[in-house]
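Data block below; observations after.
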Amino acid sequence: MAEAPRFRYIGRRRRAVEHRRFVTGQGRFAADIALPGLLHVAIVASPHASARIARLDASAALALPGVHAVLTGEELQPEIEPMLPGVDAPEVRRFPLARGVVRYAGEWVAAVVAESRALAEDAAELVEVDYAPTPHVVDPEAALAPGAPLVHPAHGSNAIFRREFLWGPVEEDLAASPHRLSYRVRWSRSATVPIETFVCTASWNDATGLLDVWASIQMPKFPDLLARCLRLPGNAVRVHFDVDVGGSYGVKRGLKHAILVGHLARRLGRPVRFLEDRLENMRGGDMQGPDRIFDVTLGFDGQGVIRAMRMRALDDVGAYAGRSPFQLGKPVGAIVGPYTIGSVAYEAISVLTNKTPQEAVRGFGQAPTNYAIETGLDRVARALGLDRIEVRRRNLIPPERFPYLIPSGTLYDSGDYARVLDKALAAAPFEALLRQREALRAEGKLAGIGISTCLEPSGGNSSFEPLFNPKNTTTTWMDSCLLRVDLNGAVTAVMATSSSGQAHETLVSTVVGEVLQRDPDSIRVIHADSLSALPSNSPVGSRMAIMLGGAAAGAAKRIRDRLLRIAAHNLDLPEEALEWRDGAAVPRAAPERALSWARLVEIAHREFHNLPPGMEPGLQEAFVWEVPGGGGLPTPDGRIQMYPCHSFEAHVVLASVDPETGKVALHRYVVGHDCGVMISPDVVHGMTYGGVAHGLGAALMEKFAYSPDGQLLSGSFMDYLLPSAQEVPPILIVDHCTPSPLTEFGQKGSGEAGYLGGPAAIASAVNDALAPLGAALDALPMTPAAIWRALRAARAAQSAPVPARETA
Amino acid sequence: MKAAPFAYVRAESLDHALDLLAEHGGEAKPIAGGQSLVPMMAMRLARPALLVDINRLGALKGVAIGPRRVVIGAATRQRDAEQDAALHRAVPLLRAALAWVGHVQTRNRGTLGGSLAHADPSAELPLAAAVLDATLVLASRAGGERRLPAAGFFLAPMTTAVGEEECLTAIEWPVWEGPGVACAFEEVAIRHGDFAMASAACQIQRDAEGLCRRAALGLGGVAGTPLAFPDLAARLEGRRITEALAREVAEEAAARAEPGSDTHADAEYRRHLAAVLLRRALLRAGAAPARAAA
Amino acid sequence: MPAPPPPVLVEITVNGAPRRAMVEPRTTLLDMLREHLGLTGTHAGCEHGICGACSVLLEGEPVRACCIFAVQAEGMSVTTVEGLAPARGALSRLQDAFCEAHALQCGYCTPGMLIACHDLLARNPRPSEEEIREAIGGNLCRCTGYQQIVDAVKLASGQEAAHG
Ligand SMILES: Cc1cc2nc3c(=O)[nH]c(=O)nc-3n(C[C@@H](O)[C@H](O)[C@H](O)COP(=O)(O)OP(=O)(O)OC[C@H]3O[C@@H](n4cnc5c(N)ncnc54)[C@H](O)[C@@H]3O)c2cc1C
Ligand code: FES
Ligand code: FES
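Protein chains in written order, with the working numbering: chain A, 3 to 810; chain B, -3 to 290; chain C, 3 to 166.
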């Protein structure tokens, strides 16, 4: 392992600067924004999965004192532009309020505005809507069958996106492989479900023609899209990014919420707030996650080395789509996981159904794909009677082969995968897990060890946009930072996006402090608004340590270079004779002549006569940074450099299953993690713990379940189960550092850590526990009832004739 | 998620509460801990026009332990009952059940009477009441006081014999005298503190030889009401609770259940759980160190 | 729909100071604190009793502020996250430990977590890992996976917590 370079502030323990306001109750979340005259919105939602709206009568609602408006899709749609999907499907248009037809149960039909939220709910009950139900489809495979009801008839099909990629001679490689196996796995619809719902407050000023927006968002290009949909110039919409966002992990997109609220604020001339309640959030908040069926075929040799893979991924995106089909696109950049698989065929199909729309979820589609790949590794081992860890070792990309080009065109920057796996196994320690597994089995429990070794692509760009939509030629995906040093020498960094728990203020101040060699705690970081900020693409795709960190470092270096030039000019020395040390410009040969920070700032701000000729007065610098290695369009066969950096995680889990009730308990959880140089170790660890817990939810308990008639059955916190502290076990993280050659400090992203390998590992542990009984599960979540059914089926099969073997 | 409008009156006395309930008939509802009622009102699944707050009625609170029975005021907080060591000795199964009810925060507000009156078929306290055949004391303006055995109290999911004008005032729990009393409460929920997919409870009394002298047992979450099985309990008397006996009784009880299905558990699984949990409960209680004497 | 009954005056003590507001009977204690008294530290996550984000101390005991109507709290004392610090600008030992152990990320569940943990430490000055997990079992956090919250409570109770 390359030793991480020594830093002064980077990688050191430091209290996150954000924490103090949160522990004292002084955070400022979107729901905390109180404006005089504020009005409140409640939603009238469709009770049907698919229906024509035959009649809508709001007169009784409007008659209620304190009600200001009831807005319908009929009125709203002509006033605004539709939200379009990222893929080329212009007929799949989404508006905040339905007009004429509804396409899922929970779809917004009307918005009621009143003096209080309670009153708005009273009025919403009085809005009379007659629906004529129409045929619907909730199963994604049924939706593709000929004759299925079309969710968007104008689109002509329920497949909103479909493409087959072929990277290498897959059929030949499969045919030449001594062994083949095929399997199907199912990742059920779950989501990140932050504890804060989506909130948007907007206020319109007639005199200035400016719409101010406070929203709990995490969305690339949100201000621009909002302005376009409202038919306003971009400079008439000011999105305030200084709002604390109560968790997102991908889903806080809320464009339709903001369009609705922005329109209402403008129309009514009063500030308007829409604070989704939990029921609205779960059903109509358009925030459910990937919902996939994978069909995979692997070709491998007798040693378990996988040569080729064919994967078909069918993803149910629900009734409308924004960026959701792209969640099948990002995994293209890590389609072989950490393995040396030589050729791949990948068919990606996004299907429309009459369900709540899908939104971006932590990992942007990678966690389900990792689960599908890891299931294959376990199956190969089982088919050959080999050890699962050994099979992984034989397939992992060895450290000497980096940078490593995968068949789909992405170059992995760096890694030492086997080493990280070894560290995790040693920390467990694996021998003890084996003994504990035996002990649990001796107690009459089913017990299993789960393993996963997964990639975490990071530094998000949007290469999947041109890959999945030839009309889209976006290759730019920058982030930026503005640094100002005031007359008194205090440093302020301006970032251009809101944060939802990633401690960006800590990140930026640490990085700027490192470069300028100033105490990070003296550096203030503020979140600008969309009109005063530089461009950002928001904290998606595990990109901020890389992109915001890189931009902050870039701006700080510009400040430092400027100060060095001022010093050189004033000391009459060439710049090369100076070095930056402890926040001052120091002549290497004559340190006593150093110019201090204060002195340099004074010159920059007050002594034009001492500035080098041509230098701007004052002291501020901006830096806009493009994703390293990004900027390319795909080849015709769909090869592309997806994300630049590749973190890696190895999970080792010991689980037991109660053989009679099917209930799972996790006894030991270890994650080996390598995300390069950690700028803030506590923050990285925190996100990893949280990712594991979220992964536990997806693996064992979380699911947006639908009835055959399209009703959401898990629309509240009583039936959509987020794991509590009593389900999540203590977790041990073992760090490893393989610096990225592409980034400023060697950092990689880590915002999706834990979640990308957690579900795969937990599923692996459950299946290892069930294996002695010949039972297996191929769908998440592995609930007690599902496990019990699998056990029962295995017992029944044992009395039946020999089961079919899965290996060829 | 805001409740529909309602009027609110804080009852000054039990009579005051009963007057209000009589006056407003089905339009009024008592509010105790609010841990079930307030969420239901927030979702507008319940919409009383008048809330009669019985939280400050001292007459409805407290635990009185007598030799034969324990009388607990309906508005006694679950947390207070949980922390009452004397109650634990007198009615061990009640305490075992309380440990499974929600979380510290919900038990700080939630009351015994509220849980029984709410009558969720998966709730623990109704199961404990059914198993021990507790007596529920109801009062109304017109009818005065009446006493119902648990067997006649739970009618259907979220439905009890409490009349619109009635208030549950107290619950009387039988004290099993003498030594050798033990109990067990078993349940499975996907997440801690949630309502169970199925539950089983039993209380038994053993003699010096370890033979079962007295038993009570039942199942929760597998029918519209909690189920008690006095006839099956009687079968244990005079016998040692062996694996085979526990299994036989548990399977017979489960066979009589009428479980429903939801997203987390279908009927078949619930019935299976019922048999497993009751068998385990019987074996655990049969082997547990027993209380010396109440 | 019947006309809503008129607002009523509710007087409570919040963080040691008397506070009053005219609220509808249907206003929860949570909404009174947030919307009428401007104490936005207490958060709403579900408004149906599950997530614990709305936790406050009522007469010294932790309860869910979304599951009690403000009128019911008349005359009672309430402590919110804003009232946990010993003085303005200072932090309680627990708050300090939350910062030190990185027991929060987005901060949304944090007020409720602090209330639950504050109560635990008041009852049990040296809780075990299991006791800590039980005490916060009714408070959902989506960011932290709970590990660093457990660490923080150990730290605040003078028990060594490994920095993960
Ligand atoms: C997160 C959470 C988890 C929970 N988990 C569980 C659990 O695992 N198991 C469980 O059993 N419960 C659980 N509950 C519900 C439990 O906490 C409630 O306390 C209980 O169901 C109702 O009691 P209450 O005093 O709060 O009654 P309330 O909510 O005030 O009232 C419930 C009903 O009973 C009526 N009522 C109340 N008192 C009387 C009376 N004296 N006379 C007549 N009618 C009356 C009310 O009118 C109302 O219809 C949970 C609740 C929450 C919020
Ligand atoms: S908001 Fe009160 S428990 Fe969730
Ligand atoms: S810190 Fe974000 S939900 Fe707990």
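All C-beta atoms, glycine included, are put in the ideal place defined by N, C-alpha and C.
Predicted, not measured: the structure shown is a model, and the values here were computed from it.
Query: Any residue whose CB is nearer than 6 Å to a heavy atom belonging to ligand 4, listed in chain order; Result: Questions concerning ligand 4 fall outside what the structure shown contains, since the ligands it does hold are ligand 1, ligand 2 and ligand 3.
Query: Segment contact flag, the stretch 583 to 591 of chain A with the stretch 435 to 454 of chain A, C-beta cutoff 8 Å, min 3 pairs; Result: no
Query: Cβ pair A/E516, A/V19 closer than 8 Å; Result: no
Query: Close beta carbons around C/V16, own chain, < 6 Å, minus the five adjacent residues each side; Result: V80
Query: Distance, C/D121 Cα to C/M115 Cα; Result: 10 Å
Query: Any beta strand (DSSP E) of 3 or more consecutive residues that is wholly inside the stretch 396 to 452 of chain A; Result: none
Query: Against chain A: residues of the stretch 143 to 154 of chain C by CB proximity under 9 Å; Result: C143, R144, C145, T146, G147, Y148, Q149, Q150, I151 and V152
Query: Residue nearest to A/S709 in terms of C-alpha spacing, selected from B/A204, B/L278, B/R287 and B/D258; Result: B/D258
Query: Interface partners of A/I733 on chain C, CB under 7 Å; Result: G147 and Q149
Query: First through last residue of the alpha helix (DSSP H) which encompasses B/W96; Result: Run containing B/W96: none; DSSP gives neither H nor E here.
Query: Nearest-angstrom beta carbon gap, C/Q161 and C/A103 [assumed within contact, 8 Å]; Result: Not confirmed; about 12 Å, so no contact.
Query: Cβ-heavy atom distance, C/G54 to ligand 2, below 7 Å; Result: yes
Query: Sheet register partners of A/N207 (DSSP bridge); Result: A/L212
Query: Neighbour list for B/Q31 in chain C, Cβ cutoff strictly below 7 Å; Result: G51 and C69
Query: Alpha-carbon to alpha-carbon, A/A60 and A/V129; Result: 5 Å
Query: Coil, strand or helix - B/S111 by DSSP; Result: helix
Query: Short CB-CB distance (under 8 Å) between B/F2 and chain E; Result: Within the model displayed, chain E is absent; protein chains A, B and C are what it includes.
Query: Minimum Cβ-Cβ distance from C/Q74 to chain B less than 8 Å; Result: yes
Query: Minimum Cβ-Cβ distance from C/P6 to chain B less than 8 Å; Result: yes
Query: Cβ neighbour criterion (16 or more within 10 Å) applied to A/A492; Result: exposed
Query: Contacts that A/V673 makes with chain C (C-beta to C-beta distance below 8 Å); Result: Those within 8 Å of A/V673 in chain C number zero; the least Cβ separation is about 10 Å.
Query: Proximity test, Cβ basis, 8 Å: B/T102 and chain A; Result: no
Query: Short CB-CB distance (under 8 Å) between A/D812 and chain B; Result: Outside the displayed span of chain A (3 to 810) sits residue 812 of chain A, for which this structure offers no information.
Query: Anticipated Cβ contact below 8 Å, A/G291 with A/R191, distance rounded; Result: 6 Å
Query: Rounded C-alpha distance that separates B/V245 from B/A230; Result: 10 Å
Query: Buried or exposed by the 16-neighbour rule on C-beta atoms within 10 Å, applied to B/L151; Result: exposed
Query: Where A/D59 falls: helix, strand or coil (DSSP); Result: strand
Query: Classification of A/F163 by the beta-carbon crowding that lies within 10 angstroms, buried from 16 upward; Result: buried
Query: C/E49 CB to nearest heavy atom of ligand 2 below 7 Å; Result: yes
Query: Within chain C, the residues that B/M154 reaches when beta carbons sit closer than 8 Å; Result: Near B/M154 there are no residues of chain C at all, since even the closest Cβ is about 16 Å away, more than 8 Å.
Query: Neighbour flag for B/V245 against chain C, beta carbons, 8 Å; Result: no
Query: Closest residue to A/V104 among A/P137, A/L602, A/E83 and A/A44 (Cα-Cα distance); Result: A/P137
Query: Cross-strand partners of A/V69 (DSSP beta bridge); Result: A/A116
Query: Residue burial classification, B/Q199 (beta-carbon count within 10 angstroms, cutoff 16); Result: buried
Query: Sufficient close CB pairs (3 or more, under 8 Å) joining the stretch 81 to 99 of chain A to the stretch 253 to 269 of chain A; Result: yes
Query: A/A18, DSSP secondary structure in three states; Result: coil
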